[in-house]
Amino acid sequence: MEFFIDTGNIDEIAETYAWGLIDGVTTNPSLVAKEGIDQKTLISNIAKIVDGPISAEVISLDYKGMLKEAYELAKIDDNVIIKLPMTKDGMIALNDLTANNIKTNITLVFSANQALLAAKNGATYVSPFVGRLDDIGQTGMQLISEIRDVFDNYAYQTRILAASIRHTDHVKTCALIGADTATIPYKVLNQLFHHPLTDSGIAKFLEDHANSLK
Ligand code: E4P
1190 MEFFIDTGNI DEIAETYAWG LIDGVTTNPS LVAKEGIDQK TLISNIAKIV DGPISAEVIS
1250 LDYKGMLKEA YELAKIDDNV IIKLPMTKDG MIALNDLTAN NIKTNITLVF SANQALLAAK
1310 NGATYVSPFV GRLDDIGQTG MQLISEIRDV FDNYAYQTRI LAASIRHTDH VKTCALIGAD
1370 TATIPYKVLN QLFHHPLTDS GIAKFLEDHA NSLK
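Take the sequence shown: its letters are residues 1190 to 1403, numbered as in my numbering.
If you want it as structure tokens, here you go:
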């Protein structure tokens, strides 16, 4: 299972990448806006740290604008993945980028049918947003499960990139269902390490060791 970090923050990327557990990075316009630098500089800085897929999202709504942005972003580094919205124009742009061997990530996916369209046009990744479905009273993980079934029915190579991950149970359920990738915020990545019995176990071992020296 691939782990991506869902952030534009260089410090968070550098710290987590050093763990050896992070395979790539996803950004979006909201995450880039938080960092106060332009998107191209940010993606270039990330590429200096991370040797793996880095999603950079277009903001144009028409396919010509999307493609203009996409080809500029793709020039930054071989690891750049072009993130396109799940719209008709997004699908036209996807078709072009697939034909030109540029890797893609179709974002804002909220149904198995949308994921199917992206797979048919050769998307490298499809990003179902789990947490945002939970927010409106649906079960985001059900969508991951449905997309897994659909892709397996037809052996589509498009990778399921579970996005909008809010807590550690989302990560575990992704792994149980067989999501190919999860893009995980910094806070949740840190929470994955913790278990109270690990903490109390370490404390007890240290206590017993210290007592044995007395
Ligand atoms: C995915 O690539 C998106 O950046 C992200 O997961 C969105 O998550 P949010 O719903 O927490 O904004």
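Even for Gly, the Cβ is constructed at its ideal location relative to N, Cα and C. Note that the structure is predicted; figures quoted are calculated from it, not measured.
To the nearest whole angstrom, what separates the beta carbons of residue i and residue j, a pair I think is in contact under 8 angstroms?
{"i": "Tyr1252", "j": "Ala1222", "result": "The pair is not a contact, with the Cβ atoms about 24 angstroms apart (cut-off 8 angstroms)."}
{"i": "Thr1296", "j": "Met1275", "result": "7 angstroms"}
{"i": "Asp1323", "j": "Gly1329", "result": "5 angstroms"}
{"i": "Asn1234", "j": "Ile1199", "result": "6 angstroms"}
Quick check: residue i and residue j, are their CB atoms within less than 7 angstroms of each other?
{"i": "Asn1302", "j": "Ser1244", "result": "no"}
{"i": "Thr1370", "j": "Arg1348", "result": "yes"}
{"i": "Ile1238", "j": "Ala1263", "result": "no"}
{"i": "Asn1217", "j": "Glu1246", "result": "yes"}
{"i": "Pro1242", "j": "Ile1270", "result": "yes"}
{"i": "Ile1456", "j": "Ala1304", "result": "Lying outside 1190 to 1403, the shown extent of the chain, residue 1456 is not represented and no answer is given."}
{"i": "Asn1310", "j": "Asn1284", "result": "yes"}
{"i": "Thr1215", "j": "Asp1240", "result": "no"}
{"i": "Met1190", "j": "Ala1312", "result": "no"}
{"i": "Gly1220", "j": "Ala1259", "result": "It should be noted that the sequence gives Leu, not Gly, for residue 1220. Their beta carbons are not under 7 angstroms apart, which means Leu1220 does not touch Ala1259 by this criterion."}
{"i": "Thr1372", "j": "Ala1399", "result": "no"}
For residue i, verify whether its CB is less than 6 angstroms away from any heavy atom of ligand 2.
{"i": "Ala1368", "result": "No copy of ligand 2 occurs in the structure displayed; its ligands are ligand 1 alone."}
Between the options, which lies nearest to residue i when the distance is taken from Cα to Cα?
{"i": "Ser1334", "options": "Leu1350, Gly1241, Asp1285", "result": "Leu1350"}
{"i": "Gly1213", "options": "Tyr1375, Leu1286, Gly1279, Leu1306", "result": "Tyr1375"}
{"i": "Asn1342", "options": "Ala1308, Leu1365, Gly1329, Gln1331", "result": "Ala1308"}
{"i": "Pro1317", "options": "Met1280, Leu1332, Thr1328, Gly1326", "result": "Leu1332"}
{"i": "Gln1346", "options": "Gln1228, Lys1292, Gly1254", "result": "Lys1292"}
{"i": "Lys1277", "options": "Phe1299, Ser1300, Leu1306", "result": "Leu1306"}
{"i": "Asp1358", "options": "Gly1254, Gly1197, Val1319, Leu1395", "result": "Val1319"}
Taking the alpha-carbon positions, what's the residue i to residue j distance?
{"i": "Leu1378", "j": "Val1360", "result": "9 angstroms"}
{"i": "Tyr1314", "j": "Lys1272", "result": "9 angstroms"}
{"i": "Ala1344", "j": "Ala1368", "result": "14 angstroms"}
{"i": "Leu1402", "j": "Lys1393", "result": "15 angstroms"}
{"i": "Trp1208", "j": "Ser1389", "result": "23 angstroms"}
{"i": "Gln1327", "j": "Arg1321", "result": "9 angstroms"}
{"i": "Gly1254", "j": "Pro1385", "result": "50 angstroms"}
{"i": "Ile1325", "j": "Tyr1206", "result": "33 angstroms"}
{"i": "Phe1340", "j": "Glu1396", "result": "51 angstroms"}
{"i": "Gln1228", "j": "Leu1250", "result": "17 angstroms"}
Determine the burial state of residue i: buried for a count of at least 16 other Cβ atoms within 10 Å of its Cβ, exposed for fewer.
{"i": "Phe1193", "result": "buried"}
{"i": "Thr1230", "result": "exposed"}
{"i": "Gln1380", "result": "exposed"}
{"i": "Lys1226", "result": "The residue you asked about is not Lys; residue 1226 is Ile in the sequence shown. Result: exposed."}
{"i": "Ala1288", "result": "exposed"}
{"i": "Ile1248", "result": "exposed"}
{"i": "Leu1256", "result": "buried"}
{"i": "Ile1232", "result": "buried"}
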